[in-house]
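One structure is given below, encoded as structure tokens.
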Ligand code: ADP
Ligand code: MG
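Residue numbers (the working numbering): 20 to 464.
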């Protein structure tokens with residue numbers, strides 16, 4: 020009975036959230052019991068509990084009611100470990116495409132990026148209020164919270180949230196003119212407008228239905244731009260258009276901000292985002308991993324969340340590194356790899372890839388990438404190629420067949436011999452060691 024009700028609830032939730040969110044938050048939940056007051060839901064861990072109780076609370080309540088269970092609250096209980104289903108499996112084929120580096124748009128005005136949405140925004144005590152305000156704005160722009168002034172440290176999700184608002188409004192109302200701009204772009208465009216009389220500046224901003232300005236702290240000290248922004252602000256605000264602003268500090272703390280602008284920023288609602296607690300960090304990791312079609316073992320999630328506390332961008336970066344590391348070597352993520360990653364963080368170059376090793380080695384020996392990956396047998400090319408192979412092995416631990424492929428070889432024995440050759444030279448040949456030191460400096464520098 021409970022199972023039937025919960026299946027119906029889950030079926031509807033599955034339609035309204037992303038595959039990753041569904042897999043992370045709902046797939047392993049069950050409805051344990053309910054009375055007239057509360058429904059008890061079993062979940063596998065503390066961070067799932069947090070998401071269901073805080074973020075999905077209302078959705079679950081209303082769906083339960085729809086399916087005949089009218090309760091006032093939901094309570095999540097964590098399933099004891101021994102009752103959990105056997106070892107979690109990777110969700111989908113491992114080598115399904117993953118995008119680790121978002122493509123940057125080349126135009127200066129960044130359009131809204133739909134990878135930032137409410138669905139993949141994890142809610143915790145540090146950002147709960149900001150999240151609620153943003154959702155309310157997405158559903159009723161211009162009504163409450165106008166302007167919304169969102170502030171907090173770097174990498175804590177400000178840009179993500181305000182873009183989610185933009186995307187949310189666009190989904191409800193495709194006609195709405197949503198203008199998202201970084202303050203730097205706004206400043207630059209304003210300067211062009213002044214210097215070269217470039218047309219369209221005022222109209223562009225004043226015709227917005229929703230104006231979203233990111234990182235307003237960069238307007239500090241720019242008096243003319245502040246004045247222009249002041250007028251834009253007034254025109255929009257008077258017309259009940261929604262304005263959203265972010266900053267790394269509260270209005271009061273932005274130096275050389277004109278008082279009249281400061282007071283405008285304080286008209287609506289100023290909300291801060293605080294660094295995430297450990298449950299939120301765990302939740303973020305698990306959800307991001309799921310969006311890469313991976314389920315991370317819990318000890319890995321815990322370890323990363325414990326060790327990276329500062330900001331979410333960094334947390335995400337480490338996870339991406341972990342995924343890339345494992346994909347390259349065809350390994351499953353485990354606690355030892357995670358430890359190695361964190362331990363080596365200071366030493367590990369950020370973007371060391373087979374490609375960069377080959378490029379730098381070629382550059383060091385003053386030959387082209389085409390040459391080093393060609394089949395030419397000249398000594399001036401064979402030797403650099405051997406170095407490249409050795410470095411692919413020593414820096415990235417690639418397998419010999421992989422090394423061969425990277426350098427355009429069919430046969431992996433050449434790779435094996437090359438690595439051995441350099442290895443033996445290293446022990447007694449000063450020049451070889453010198454070459455390696457210099458190439459490594461280029462790679463890690
Ligand atoms: P800020 O603008 O505050 O410097 P961003 O919005 O750029 O930070 O966030 C940095 C990264 O962390 C982004 O990739 C974003 O998607 C991610 N992120 C931040 N907060 C959350 C969250 N609560 N849930 C999921 N991802 C988050
Ligand atoms: Mg930002």
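Heads up, the beta-carbon is just placed ideally off N, CA and C, and yes, glycines get one too.
Model, not experiment: these values are computed from the prediction.
Note down the Cα distance separating residue i from residue j, rounded to an integer number of angstroms.
i: residue 239; j: residue 350; result: 49 angstroms
i: residue 330; j: residue 173; result: 7 angstroms
i: residue 426; j: residue 326; result: 37 angstroms
i: residue 444; j: residue 175; result: 49 angstroms
i: residue 403; j: residue 308; result: 38 angstroms
i: residue 107; j: residue 357; result: For residue 107, the predicted model reports a pLDDT of 46, less than 50, meaning its position is unreliable; a value from the coordinates is still stated below. In a straight line, the C-alpha of residue 107 is about 18 angstroms away from that of residue 357.
i: residue 119; j: residue 413; result: For residue 119, the predicted model reports a pLDDT of 38, less than 50, meaning its position is unreliable; a value from the coordinates is still stated below. Taking the straight line from one Cα to the other gives about 24 angstroms.
i: residue 368; j: residue 340; result: Confidence at residue 368 is low in this model, with a pLDDT of 47, below 50, so the placement of that residue should be treated as unreliable; the coordinate-derived value is given next. Cα-Cα distance, rounded: 11 angstroms.
i: residue 61; j: residue 318; result: 20 angstroms
i: residue 433; j: residue 407; result: 12 angstroms
i: residue 405; j: residue 454; result: 12 angstroms
i: residue 42; j: residue 279; result: 48 angstroms
i: residue 161; j: residue 265; result: 17 angstroms
i: residue 244; j: residue 228; result: 21 angstroms
i: residue 365; j: residue 292; result: Confidence in residue 365 is poor, its pLDDT being 47 and thus under 50, which makes the residue's placement too unreliable to answer from.
i: residue 332; j: residue 177; result: 11 angstroms
i: residue 3; j: residue 347; result: With the chain covering only 20 through 464, there is no way to say anything about residue 3.
Less than 8 angstroms between C-beta atoms, sequence neighbours within five positions excluded: which residues of the same chain meet that for residue i?
i: residue 179; result: 135, 140
What residue from the options has the CA that sits closest to residue i's CA?
i: residue 166; options: 448, 281, 246, 418; result: 281
i: residue 298; options: 42, 439, 22, 68; result: 68
i: residue 39; options: 303, 432, 463; result: 303
i: residue 97; options: 360, 74, 70; result: 70
i: residue 306; options: 324, 398, 289; result: 324
i: residue 25; options: 269, 253, 84, 320; result: 84
i: residue 373; options: 63, 189, 421, 142; result: 421
Please determine whether the Cβ atom of residue i lies at a distance below 7 angstroms from any heavy atom of ligand 1.
i: residue 173; result: yes
i: residue 38; result: no
i: residue 147; result: no
i: residue 311; result: no
To which residues of the same chain is residue i closer than 6 angstroms at the C-beta, ignoring the five residues directly before and after it?
i: residue 53; result: 88, 90
i: residue 125; result: The predicted model places residue 125 with a pLDDT of 34, which falls under 50 and marks its position as unreliable, so this point remains unresolved.
i: residue 94; result: 57, 59
i: residue 273; result: 236, 239
i: residue 231; result: 181, 185, 199, 263
i: residue 417; result: 411
Which residue marks the beginning of the alpha helix (DSSP H) containing residue i, and which one marks its end?
i: residue 199; result: It is not in any alpha helix (DSSP H) - residue 199 instead sits in the beta strand (DSSP E) that spans 197-201.
i: residue 50; result: Taken as a continuous stretch (DSSP letters only), residue 50 belongs to no alpha helix (DSSP H), being part of the beta strand (DSSP E) at 49-53.
i: residue 342; result: 331-348
Tell me whether residue i, by its Cβ, gets closer than 7 angstroms to a heavy atom of ligand 2.
i: residue 466; result: With the chain running from 20 to 464 in the structure shown, residue 466 is simply not present.
i: residue 134; result: no
i: residue 217; result: no
Apart from the five residues just before and just after residue i, which ones in its own chain have a Cβ nearer than 7 angstroms to its Cβ?
i: residue 115; result: Note that residue 115 scores 38 on pLDDT, short of 50, meaning its location in the model is unreliable and no value can be drawn from it.
i: residue 379; result: 458, 461, 462
Give the range of the beta strand (DSSP E) segment to which residue i is assigned.
i: residue 67; result: Per DSSP, residue 67 belongs to no beta strand (DSSP E); it is in the alpha helix (DSSP H), 65-69.
i: residue 232; result: 229-233
Would a check of beta-carbon distances place residue i closer than 8 angstroms to chain B?
i: residue 97; result: No chain B is present in this structure, which holds just one protein chain.
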